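Student: Residue numbering for the sequence shown follows our numbering, starting at 74 and increasing by one per position.
Even for Gly, the Cβ is constructed at its ideal location relative to N, Cα and C.
Every value quoted in this text rests on a predicted model; they were computed, and no experiment measured them.
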Amino acid sequence: MILVFGSINIDLVAQVPVIPGPGRTVLAPSYQRHFGGKGANQAVAAARIAAPGQVRMAGRVGRDGFGDSAIENLLANGVDAALVVRADEPTGCAFITVDPAGENAITVASGANMTANAGELPAVLFGAGTVLVLQMEIPFAQALAAARRTHSASGTVIWNLAPVPEEMTREMVTELLAATDFLLANEHEARDAAAAIGLARSDDEAAAMELARAGDLTCIVTAGAQGALAVTADGTCQRAPAPRIVPVDTTGAGDTFAGAFAAMIHEGVPLQTALGVGCEAAAQQCLTPGAQAGMPTRAKISSLA
Ligand code: RIB
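1. Excluding the five sequence neighbours on either side, which residues of its own chain have a C-beta within less than 6 Å of the C-beta of residue 410, listed in chain order?
2. So, with DSSP's three-state summary, where would you put residue 166?
3. Report whether the distance from the Cβ of residue 53 to the nearest heavy atom of the ligand RIB is below 6 Å.
4. Using a Cβ-based criterion (distance less than 6 Å to any ligand heavy atom), does residue 84 qualify as near the ligand RIB?
5. Would you call the segment 342-358 and the segment 310-321 in contact, with 3 or more CB pairs under 8 Å?
6. Going by other Cβ atoms of all chains shown within 10 Å of its Cβ, with 16 needed for buried, is residue 124 buried or exposed?
7. If I measure Cβ to Cβ from residue 106 and keep anything under 8 Å in the same chain, skipping five residues before and after, which residues do I get?
8. Who are residue 153's beta bridge partners in DSSP?
9. Given a cut-off of 7 Å on the beta-carbon distance, is the pair residue 81 and residue 160 in contact?
10. Expressed to the nearest angstrom, what Euclidean distance is found between the alpha-carbon atoms of residue 214 and residue 243?
11. Checking 7 Å against the spacing of the C-beta atoms, do residue 358 and residue 326 come in under that value?
12. For residue 122, tell me which candidate among 360, 250, 340 has the shortest Cα-Cα distance.
13. Ends of the beta strand (DSSP E) at residue 257?
14. Assuming residue 109 is part of the beta strand (DSSP E), what are its boundary residues?
15. The ligand RIB and residue 363: does the residue's C-beta get closer than 6 Å to at least one heavy atom of that ligand?
16. Assuming residue 313 is part of the alpha helix (DSSP H), what are its boundary residues?
17. Could you pull the start and end residues of the alpha helix (DSSP H) that residue 284 belongs to?
18. By a C-beta neighbour count over all protein chains shown, 10 Å radius and 16 as the cutoff for buried, is residue 110 buried or exposed?
19. What I want to know is whether the C-beta of residue 167 ends up closer than 6 Å to one or more non-hydrogen atoms of the ligand RIB.
20. Under 8 Å: do the segment 93-100 and the segment 184-192 share three or more Cβ pairs, one atom per stretch?
21. Hey, how far is the Cα of residue 151 from the Cα of residue 128?
22. Is residue 333 buried or exposed, if buried means 16 or more other CB atoms sit within 10 Å of its CB?
23. Three or more C-beta pairs under 8 Å: does that hold for the segment 239-256 against the segment 358-373?
24. Would the beta-carbon of residue 144 be found less than 6 Å away from any heavy atom of the ligand RIB?
25. In the DSSP output, what is residue 88 paired with across the bridge?
26. Count the other CB atoms, across all protein chains shown, that sit within 10 Å of the CB of residue 302; report buried if there are 16 or more and exposed otherwise.
27. Sort 168, 115, 108, 118 by Cα distance to residue 140 and report the nearest one.
28. Name the two residues that bound the continuous alpha helix (DSSP H) containing residue 359.
29. Are there any heavy atoms of the ligand RIB lying less than 6 Å away from the beta-carbon of residue 325, as far as the coordinates show?
30. If we ignore side chains and look at the alpha-carbon of each, how far apart do residue 380 and residue 294 end up?
31. Can you give me the Cβ contacts of residue 191 inside the same chain, cut-off strictly under 6 Å, excluding the 5 residues immediately before and after it?
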């Protein structure tokens, strides 16, 4: 089973000529409502590729219309949402601006996500066959508790270090690394994590190598159009290219990589295959507006055909 424990949001998205800086206002012709949240995005990405019935989502939404539709969307995508709990706080909402190059800026109002509680997850979820997927949009202590329970049961932990918190301490990174099997980060996140534990590196591969060694884990760094690299604890580095595309909206590309990668790790394929599938899925996702709409099904991944 792939268990995603994380955030569930509704995304309100505006296409803008330029992403505004501090003190600036820009006008957009309209806005769209999409399903989002890094956790929910990763669950949907995994469900599009994994065998039916393999993906469960745990997290919190509010007792509101956004919460109703977020749960309906998970179910419609084949994700088991029985572990999504209603909270008194509103469903998480992300305010997203996308520029003509497909780049984005995101503000997340966390709401119910910050009440996620690992203590509510039944023990039966944690076993050697469990692949737990985590991000950084629910309280760190709760994500860490779920990671430790998975590790204790000999399961596999995939932790996507996104978004990097403003205050990422040495202790947090050390605890995270100790409870993780696959650390997923973009270039900035990997360097921030390495710096937090005193391993400042300017180069992605060097940062990944230090993190992999420090945590005795595999560190994957995603770099958009440059593809992805994976460094294992023994220092071996593998790379996968990204398909050439003209992106429409990069929102959710990292989540798509993470979900597709998790589906592949759950199947037990070689690391190189998992990297390639992640890159291909993420590239396809960038061709459609919104985080989830463009996530490919298994049939659309050429390396799995
Ligand atoms: O990674 C993209 C996601 O980040 C969006 O869907 C938004 O909800 C934020 O969580």
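Tutor: In this structure, then:
1. Since the first residue shown for the chain is 74 and the last is 378, residue 410 is missing from the structure and cannot be characterised.
2. The count along the sequence shown starts at 1 and reaches residue 166 at position 93. Looking at residue 166 - three-state DSSP - the assignment turns out to be strand.
3. An answer regarding residue 53 cannot be provided, because it is not within the stretch 74 to 378 covered by the chain.
4. As a working note, residue 84 is residue 11 in the sequence shown. Correct: residue 84 has its Cβ closer than 6 Å to the ligand RIB.
5. yes
6. Along the sequence shown, one-based indexing puts residue 124 at 51. So residue 124 counts as exposed.
7. Here residue 106 refers to the residue found at position 33 of the sequence shown. The answer, listed in chain order, is 83, 84, 85, 86.
8. For this step, residue 153 is matched to residue 80 along the sequence shown. According to DSSP, which records beta bridges pairwise, residue 153 is partnered with 129.
9. In the sequence shown, counting from the first residue as 1, residue 81 sits at position 8. In the sequence shown, counting from the first residue as 1, residue 160 sits at position 87. Their beta carbons are not under 7 Å apart, which means residue 81 does not touch residue 160 by this criterion.
10. The sequence position of residue 214 within the sequence shown is 141, counting from 1. The sequence position of residue 243 within the sequence shown is 170, counting from 1. If I take the Cα positions, the gap works out to 14 Å.
11. Taking the sequence shown and counting its residues from 1, the one referred to as residue 358 is at position 285. Taking the sequence shown and counting its residues from 1, the one referred to as residue 326 is at position 253. Yes, the Cβ-Cβ distance between residue 358 and residue 326 is below 7 Å.
12. Against the sequence shown, residue 122 aligns to sequence position 49. Looking at the Cα atoms, 340 is the closest of the given residues.
13. Taking the first residue of the sequence shown as position 1, residue 257 is located at position 184. Here the beta strand (DSSP E) through residue 257 covers 255-259.
14. On the sequence shown, position 36 is the one that residue 109 refers to. That run of the beta strand (DSSP E) goes 105-109.
15. Position 290 of the sequence shown, counted from the first residue, corresponds to residue 363. No, Cβ of residue 363 sits at least 6 Å from all heavy atoms of the ligand RIB.
16. Position 240 of the sequence shown, counted from the first residue, corresponds to residue 313. It is not in any alpha helix (DSSP H) - residue 313 instead sits in the beta strand (DSSP E) that spans 310-313.
17. Position 211 of the sequence shown, counted from the first residue, corresponds to residue 284. Looking at the DSSP string, the run of the alpha helix (DSSP H) that includes residue 284 is 277-288.
18. By 1-based counting over the sequence shown, the position of residue 110 is 37. By the neighbour-count rule (16 or more Cβ atoms within 10 Å), residue 110 is buried.
19. Position 94 of the sequence shown, counting from 1, holds the residue named residue 167. Yes.
20. The segment 93-100 vs the segment 184-192: no contact.
21. Translated into positions along the sequence shown, residue 151 becomes position 78. Translated into positions along the sequence shown, residue 128 becomes position 55. Roughly 8 Å separates the two Cα atoms.
22. Position 260 of the sequence shown, counted from the start, is the residue given in the question as residue 333. Counting Cβ neighbours within 10 Å, residue 333 comes out buried, since at least 16 surround it.
23. Short answer: they don't touch.
24. Sequence index remark: in the sequence shown, residue 144 carries index 71 (1-based). Not under cutoff, so the answer is no.
25. Counting from one through the sequence shown, the residue named residue 88 turns up at place 15. According to DSSP, residue 88 bridges with 171.
26. Residue numbering aside, residue 302 sits at position 229 when the sequence shown is read from its first letter. Flag for residue 302 reads buried.
27. Taking the first residue of the sequence shown as position 1, residue 140 is located at position 67. The shortest C-alpha separation from residue 140 is found at 108.
28. The residue you call residue 359 lines up with position 286 of the sequence shown. Residue 359 -> no alpha helix (DSSP H), and no H or E assigned at all.
29. The residue labelled residue 325 in the question sits at position 252 within the sequence shown. Under cutoff, so the answer is yes.
30. The question about residue 380 has no answer here: the residues shown for the chain are numbered 74 through 378.
31. In the sequence shown, counting from the first residue as 1, residue 191 sits at position 118. When the five nearest sequence neighbours on each side are left out, the beta carbons in the same chain lying within less than 6 Å of the beta carbon of residue 191 are those of 215, 218, 219, in order along the chain.
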